[in-house]
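Residue numbers (the UniProt record's numbering): 1 to 671.
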Ligand code: ATP
Ligand code: MG
């Protein structure tokens, strides 16, 4: 590569190696590019060994992409030992080595938010999902502020907080008993460890000598502390971010961290990037005019050399079904007209529930699509069933995994035996697995009841032994055969077809384990921890195929697509009604800004006139954010007095485009 391909402030950011640096710049200005190229500069010019560099990004996908991009600049030998990961996987890497300092074993389990919610609902003795979710996010916020259960109890000054704090205490005790951590712990525990153990801190400061952090605006207090502790007084880091794209306040992200950086590192150098390399001028103007309605934390100007571009298309639809049809129709027409590919398009939305109807419409037209930020592959019940075995093999004290594995398929252990086991474990403060081995418990149940339980434990212990010695994929395949998983699926599913689909998913998992195990040299136990992290922010990476991308706005952060459809631009959806009620419109506006700035060449915003909510039709208003875009940059469709939704030309090409989607060789008709 050459630094010549960069503009002067980008070059300055890359070459600045003598202290803390913040690159503060708007969307598409090449912040992430600065990080990738700086990694190369650090190694080739700065005298850093790759082992001493950590680049931290926000999602696994972003981390993968970054590693790929750097991989194009340098050989794998030069990059050997580099850390490119999310905060959570950095935390996991650290804890795998240091967990014993915290009273955990290195193969601790990582609970996903579903399992965590289950524990909270047991503590609260309620199955009311909303209540559980509220308590869970309160606990999460405390964790992200580095407050333990005791501190939370002291701080709680209202009834709700008091209930949450008490729940927090029992929840945490349960996690400890399970030798399990939740996602927040993966960052909180390293910080606590560093604060209490100077030796361990020094070891890691010595290992990770240069940090690069992408999407810095979305770090929370805890993540910020981790950065601060790791970089220490030397402050050797580059953070890049955009305050206008801070969209994770609900998860404790704190924009004030941008200001804090200046306070905590008086030598902080700040570089601004102002040229946007992603979008046309009109798209950029729309983004700028929307975000101008938020108070400014830092002054920024963005400009682009990519030409004026098409106006933003704003389409009024009758209802949500119509909206899905319109988008699919326009997408096909556009694709045909511009000779593009499916992967050039993205459909973005505020909430996952909006996607379903679009999936149907895409399927009807046989348009391939990929979902991000939706239900992950690893969240499918049959996959979680298999994963419960893996978790248990890694950590036999993981009680939720124990119950799930023991009962899927059922292994002849009766409900009474399980209840006795649970009671015994509870009294002794032990895990179920440990309790099963204790004489006191064994004496309570008859030999016939005990046998299947003991068989199961032996089965797990045997797998545990082999897990570090044999290839992951083969071992799991053998395990599935031994427990009769396939036959069980066919017995328990209503239809043959459903069972087939599930079994195929399980086979995909086995293939994935095999491939990943070989590629990364990881054994089954290590893979099982990796999976826990993948499930947190997105699904399995399915590689680059020619498919329309569907994503929530949150999951689209940092990415770019030539043509974007941003759907459901309505009051109540974007901005979300809950946010409006809670005075969080500014955060919603930043979300809109993120959405607009994903688009490179064309942007279409859609809204409906009415929408079904809880079985009733409601009339809805277009989003206030549409009104914030300069009218000259908009072309309206579908509204009285505006252009029809599908112009004659587009209508004519619809049929042809359908054919084109089936046969790419069809020639464009004369116009
Ligand atoms: P976001 O805020 O959305 O994360 P960003 O600031 O990280 O955006 P990048 O993704 O790094 O921006 O860059 C946006 C696009 O501009 C990318 O396609 C990138 O390759 C391109 N780009 C960045 N810098 C330059 C440059 N100096 N010359 C040409 N293209 C560039
Ligand atoms: Mg970026």
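Note that beta-carbon positions come from the ideal geometry of N, C-alpha and C, so glycine has one too.
How is residue 601 classed by DSSP in three states: helix, strand or coil?
Taking the chain shown and counting its residues from 1, one reaches residue 601 at position 601. Three-state result, residue 601: strand.
Quick check: does the Cβ of residue 31 come within less than 8 Å of any heavy atom belonging to ligand 2?
Reading the chain shown from its first residue, position 31 is the one you call residue 31. Yes, the Cβ of residue 31 comes within 8 Å of a heavy atom of ligand 2.
With the cut-off set at 9 Å, would you say residue 389 and residue 553 are in Cβ contact?
Here residue 389 refers to the residue found at position 389 when the chain shown is read from its first residue. Here residue 553 refers to the residue found at position 553 when the chain shown is read from its first residue. Not a contact, by the Cβ cut-off of 9 Å.
Cβ-based neighbour list, residue 510, same chain, cut-off 7 Å, excluding 5 preceding and 5 following:
Taking the first residue of the chain shown as 1, we reach residue 510 at position 510. The residues are 473, 476 and 477.
Below 8 Å, how does it come out for the region 365–372 and the region 577–589: are there three or more Cβ pairs, yes or no?
no
Ordered list of alpha helix (DSSP H) runs contained in the region 105–186, each at least 4 residues:
113–124, 129–144, 149–155 and 159–178
Okay, do the region 384–404 and the region 561–576 touch, 3+ Cβ pairs below 8 Å being the bar?
no
Cβ-based neighbour list, residue 380, same chain, cut-off 7 Å, excluding 5 preceding and 5 following:
For the purposes of this step, residue 380 is identified with residue 380 of the chain shown, where counting begins at 1. Taken in chain order, the residues that qualify are 505.
Is any heavy atom in ligand 2 found nearer than 8 Å to the beta carbon of residue 214?
For this step, residue 214 is matched to residue 214 along the chain shown. Answer for residue 214: yes, Cβ within range of ligand 2.
Touching or not, the region 192–208 and the region 229–239, by the rule of three or more beta carbon pairs under 8 Å?
yes
Residue 617 burial status per 10 Å Cβ neighbour count (16 or more: buried)
Here residue 617 corresponds to residue number 617 of the chain shown, with the count starting at 1. Exposed, because fewer than 16 other Cβ atoms sit within 10 Å of the Cβ of residue 617.
Please specify which runs of the beta strand (DSSP E), each continuous and at least 3 residues long, are wholly inside the region 16–82, giving them in chain order.
21–25 and 53–57
Under 8 Å by Cβ, that's how I've got residue 139 and residue 171 pegged, so tell me the actual separation to the nearest angstrom.
Mapped onto the chain shown, residue 139 falls at position 139. Mapped onto the chain shown, residue 171 falls at position 171. That belief holds up - the Cβ atoms of residue 139 and residue 171 are roughly 7 Å apart, short of 8 Å.
Can you give the Cα-Cα distance for residue 399 and residue 431, rounded to whole angstroms?
Counting from 1 along the chain shown, the entry for residue 399 is found at position 399. Counting from 1 along the chain shown, the entry for residue 431 is found at position 431. Spanning the two alpha carbons is a distance of roughly 6 Å.
Closest to residue 425 by CA distance: which of 408, 411, 402 and 158 is it?
As a position in the chain shown, residue 425 is number 425, starting the count at 1. It is 402 whose Cα lies nearest to the Cα of residue 425.
Provide the residue(s) that pair with residue 424 in DSSP beta bridges, ordered along the chain.
The sequence position of residue 424 within the chain shown is 424, counting from 1. The partner list for residue 424 (beta bridge, DSSP) is empty, contrary to what the question assumes.
Relative to ligand 1, is the shortest distance from any of its heavy atoms to the C-beta of residue 40 smaller than 8 Å?
In the chain shown, counting from the first residue as 1, residue 40 sits at position 40. No; taking the cut-off as 8 Å, the Cβ of residue 40 has no heavy atom of ligand 1 nearer than that.
Exposure label - residue 15; buried when at least 16 CB within 10 Å
Working through the chain shown from its first residue, we reach residue 15 at position 15. Burial call: exposed.
Taking the alpha helix (DSSP H) that residue 569 belongs to, which residues open and close that run?
Numbered from 1 along the chain shown, position 569 holds the residue referred to as residue 569. Neither: residue 569 is in no alpha helix (DSSP H) and is coded neither H nor E.
Can you list, in chain order, the stretches of the alpha helix (DSSP H) that have 4 or more residues and sit fully within the region 444–500?
447–467, 472–483 and 485–492
Give the DSSP-derived three-state secondary structure of residue 372 in the structure shown.
Walking along the chain shown from the start, residue 372 turns up at place 372. Correct three-state label for residue 372: strand.
Cutting at 7 Å between CB atoms, please list the residues of its own chain near residue 102, excluding the five before and the five after it.
By 1-based counting over the chain shown, the position of residue 102 is 102. Excluding sequence neighbours, residue 102 sits near 189 and 193.
Any heavy atom of ligand 1 within a distance shorter than 8 Å of the CB on residue 90?
To locate residue 90, count along the chain shown from 1; it is residue 90. No.
Answer yes or no: the CB of residue 351 versus the heavy atoms of ligand 2, is any distance below 8 Å?
Locating residue 351 in the chain shown gives position 351, counting from the first residue. No; taking the cut-off as 8 Å, the Cβ of residue 351 has no heavy atom of ligand 2 nearer than that.
Can you give me the Cβ contacts of residue 156 inside the same chain, cut-off strictly under 8 Å, excluding the 5 residues immediately before and after it?
As a working note, residue 156 is residue 156 in the chain shown. The answer, listed in chain order, is 162, 164 and 165.
If distances are taken between C-alpha atoms only, which option among 629, 608 and 49 comes closest to residue 354?
Locating residue 354 in the chain shown gives position 354, where the first residue counts as 1. Considering only alpha carbons, the answer is 608.
Confirm the yes/no value for this check: CB of residue 506, any heavy atom of ligand 2, distance under 8 Å.
Taking the first residue of the chain shown as position 1, residue 506 is located at position 506. Not under cutoff, so the answer is no.
C-beta contact flag for residue 625 and residue 588 at 9 Å
Start at 1 with the first residue of the chain shown, and residue 625 comes out as number 625. Start at 1 with the first residue of the chain shown, and residue 588 comes out as number 588. Yes; because the gap between Cβ atoms is below 9 Å, this pair is in contact.
Are the beta-carbon atoms belonging to residue 417 and residue 445 less than 9 Å from one another?
Within the chain shown, numbered from 1, the residue matching residue 417 stands at position 417. Within the chain shown, numbered from 1, the residue matching residue 445 stands at position 445. In this structure, residue 445 lies closer than 9 Å to residue 417 by Cβ.
Kindly indicate which three-state DSSP category residue 400 falls into: helix, strand or coil?
Here residue 400 corresponds to residue number 400 of the chain shown, with the count starting at 1. Three-state result, residue 400: helix.
Verify whether the separation of the beta carbon atoms of residue 635 and residue 643 is less than 9 Å.
The residue given as residue 635 occupies position 635 in the chain shown. The residue given as residue 643 occupies position 643 in the chain shown. Going by C-beta atoms, residue 635 is nearer than 9 Å to residue 643.
So, for residue 13: in the same chain, excluding its five sequence neighbours on each side, which residues have a beta-carbon less than 6 Å away from its beta-carbon?
Taking the first residue of the chain shown as position 1, residue 13 is located at position 13. Closer than 6 Å at the Cβ level, and outside the excluded window around residue 13, lie 23, 34 and 271.
Can you tell me whether DSSP reads residue 318 as helix, strand or coil?
Sequence index remark: in the chain shown, residue 318 carries index 318 (1-based). It is coil, neither helix nor strand.
Look up residue 645 in the DSSP assignment and say whether it is helix, strand or coil.
Your numbering for residue 645 matches position 645 in the chain shown. Coil.
In the DSSP output, what is residue 395 paired with across the bridge?
As a working note, residue 395 is residue 395 in the chain shown. Paired residues: none, contrary to the question.
Around the Cβ of residue 396, are there at least 16 other Cβ atoms within 10 angstroms (buried) or fewer (exposed)?
Against the chain shown, residue 396 aligns to sequence position 396. Buried: at least 16 other Cβ atoms inside 10 Å.
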